[in-house]
Amino acid sequence: MYLSYFDKFYDMEPYLYIDEVEWEYIKNTFDKQDVRESLAKVAMSYPPPYMDISEKDALKQLQKLKGMRHNEILVEGEWFAREGTEYRYDLTFEGKQQYFKRNNTGNDSSNYFQQKNRWSVDGTIAPGPHRTWESHKFMTTLIGSAYSLKLPKIDKSAFRVMIGLRKYICSQFKPNVAKVLYDKLESKSILDFSAGWGDRLAGFYASETGESYLGIDPRKENHPIYEEQKQFYEKHRTMFEVDKKSMFVEYPAEDFEYQKNMYDTVFTSPPYFSVERYSYDDTQSWVRYKDIDTWNTQFLQKTLEKIWPSIKRGGYLLVNIADVFARTGGQRNMVEICNPMNNFLSTFHDSEYKGCIGMEMAKRPNSGGAGMARETDERFQDSTIQRAEETKDKRFCEPIWIWRKL
């Protein structure tokens, strides 16, 4: 039932806001379900709670990104992958475990352009922000998390927390990881066959060595925004920087014909099978290939096979991808992506496995897979709780697999 008490929260500037005192009063006074339904209705009269990023912010972050060095974020240290994964390939690089620390420098240089586009995407297990904001049912369940998460007040930031933990926000790739890897490998000609949200494009324009970038992605909505990013980065490129050229192709990566001996670095982060539904077009890999075995062979491995001749001798292939929990063949379980991919690459006569670098991720609260299981939570098995204890001082990371062409 809608409560007329909530009428006063309409048309607030700059955004819906309920302070600590009033939120506590609401929780102690009104029925929880009525609050959920009422606040959901009010919240839907506002736009989704986007982060406030100005063009000035984007430029400032781009300039900071240009100044980053790999030793600022690439560190030695133990890290672990999601529970349920049994990677058969060594998780070290240059003889030791290394990972990229979580660092937000440079995020706004791409997120300024791509945030609304990124928030339009759904996950397979939960709707994204746009779809949530268009459904009173989804919004009502979202507001319920304000109670379970014990949020002290309701504001734009609180809504982002609720969406991130109870619905689905498609994540950014870290532009700073791309930037420092390009420079560490002295990459000049770069191919990104799943260009995504333009984060590796931002890293390319911030890099000291990068000269050319080809970004391929089948999602048509991304491409006008890539062009906006390109124009912005070109506008703010100084005379002391390397000349750069970037091109974008709207096409499925597995169908594209690649030129031989073109790139010294292929660096990408492909879709994690069907976890994110970027669109429902038949060019999307999750639409084309319904089960994991077909997706592995007909999308990922087929693409890698076509790309390999385009890599120059001595060049690198870097793939950020992880095994995931997803539905395939009518069942939902952990699906193998990485071992089949690496096994496939190992069959090339001129390939050499160089190792793996971790990319630190947030340990999601109450996530067993990320090492955050609680002993008091009956959902988790003893083995999961034990692993959480064993990894409490380690970093939770996603792998970046690194291969070199001989």
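Quick note on numbering: the working numbering labels position 356 of the sequence shown as 357, and the sequence is numbered without any gaps. Backbone N, C-alpha and C define an ideal beta-carbon position, used for all residues, glycine too. Only a predicted model underlies this, so the values are computations on that prediction, with no experimental measurement involved.
{"query": "So Tyr317 is in the alpha helix (DSSP H); what residue range does that whole segment cover?", "result": "From DSSP, Tyr317 is part of no alpha helix (DSSP H) but of the beta strand (DSSP E) over Ile312 to Asn321."}
{"query": "Can you give me the C-alpha to C-alpha distance between Glu87 and Thr93, rounded to a whole angstrom?", "result": "15 Å"}
{"query": "For Arg89, report the span of its alpha helix (DSSP H) as first-last.", "result": "That residue, Arg89, is in no alpha helix (DSSP H); it is neither H nor E in DSSP."}
{"query": "For the alpha helix (DSSP H) holding Ser39, just list the boundary residues, first then last.", "result": "Lys33 to Ala44"}
{"query": "Sorted by chain position, which residues of the same chain lie with C-beta nearer than 6 Å to Val1's C-beta, five sequence neighbours on each side aside?", "result": "Outside the displayed range of the chain (2 to 407) lies residue 1, so it cannot be described from this structure."}
{"query": "Output the boundary residues of the alpha helix (DSSP H) element that contains Arg167.", "result": "Lys157 to Arg167"}
{"query": "What are the boundary residues of the beta strand (DSSP E) that Gln1 is part of?", "result": "What is shown of the chain runs 2 to 407, which leaves residue 1 out entirely."}
{"query": "Could you check whether the region 152-169 touches the region 231-238, counting it as contact only if at least three pairs of C-beta atoms, one from each stretch, sit closer than 8 Å?", "result": "no"}
{"query": "Quick check on Met240: does DSSP put it in helix, strand or coil?", "result": "coil"}
{"query": "Could you tell me whether the Cβ atoms of Ile155 and Tyr47 are closer together than 9 Å?", "result": "no"}
{"query": "Report the CB separation of Tyr100 from Gly85 in whole angstroms; it is logged as a contact under 8 Å.", "result": "With a Cβ gap of about 20 Å, Tyr100 and Gly85 do not count as contacting."}
{"query": "Cα-Cα, which of Tyr264, Tyr214, Leu407 and Phe205 is closest to Gln447?", "result": "Residue 447 is absent from the model: the chain starts at 2 and stops at 407."}
{"query": "Roughly how many angstroms separate the alpha carbons of Asp256 and Glu209, rounded to a whole number?", "result": "31 Å"}
{"query": "Does the CB of Leu17 have a neighbour CB from chain D at under 9 Å?", "result": "Although the question refers to chain D, the structure presented lacks it and comprises just one protein chain."}
{"query": "Can you tell me the Cα-Cα spacing of Cys398 and His71, whole angstroms?", "result": "17 Å"}
{"query": "Helix, strand or coil for Asp351, going by three-state DSSP, please let me know.", "result": "coil"}
{"query": "So, are the CB atoms of Asp265 and Ser190 less than 9 Å apart?", "result": "yes"}
{"query": "Ser247 bridges to which residues according to DSSP?", "result": "Tyr214"}
{"query": "Does DSSP put Asn334 in a helix, in a strand, or in coil?", "result": "strand"}
{"query": "So, does the region 120-134 touch the region 37-54, judging by three or more C-beta pairs under 8 Å?", "result": "yes"}
{"query": "Can you name the residues that DSSP bridges to Ile266?", "result": "According to the sequence shown, residue 266 is Thr rather than Ile. DSSP output for Thr266 lists Ile191 and Tyr317 as bridge partner(s)."}
{"query": "Where does Tyr234 fall in DSSP's three states?", "result": "helix"}
{"query": "Could you pull the start and end residues of the alpha helix (DSSP H) that Val22 belongs to?", "result": "Glu21 to Thr30"}
{"query": "Tyr259 lies in the beta strand (DSSP E); which residues open and close that run?", "result": "Per DSSP, Tyr259 belongs to no beta strand (DSSP E) and is neither H nor E."}
{"query": "Do Asn177 and Gly107 come within 9 Å of each other at the CB atom, strictly closer than that value?", "result": "yes"}
{"query": "Please classify Thr269 as buried or exposed, where buried requires at least 16 neighbouring CB atoms within 10 angstroms.", "result": "buried"}
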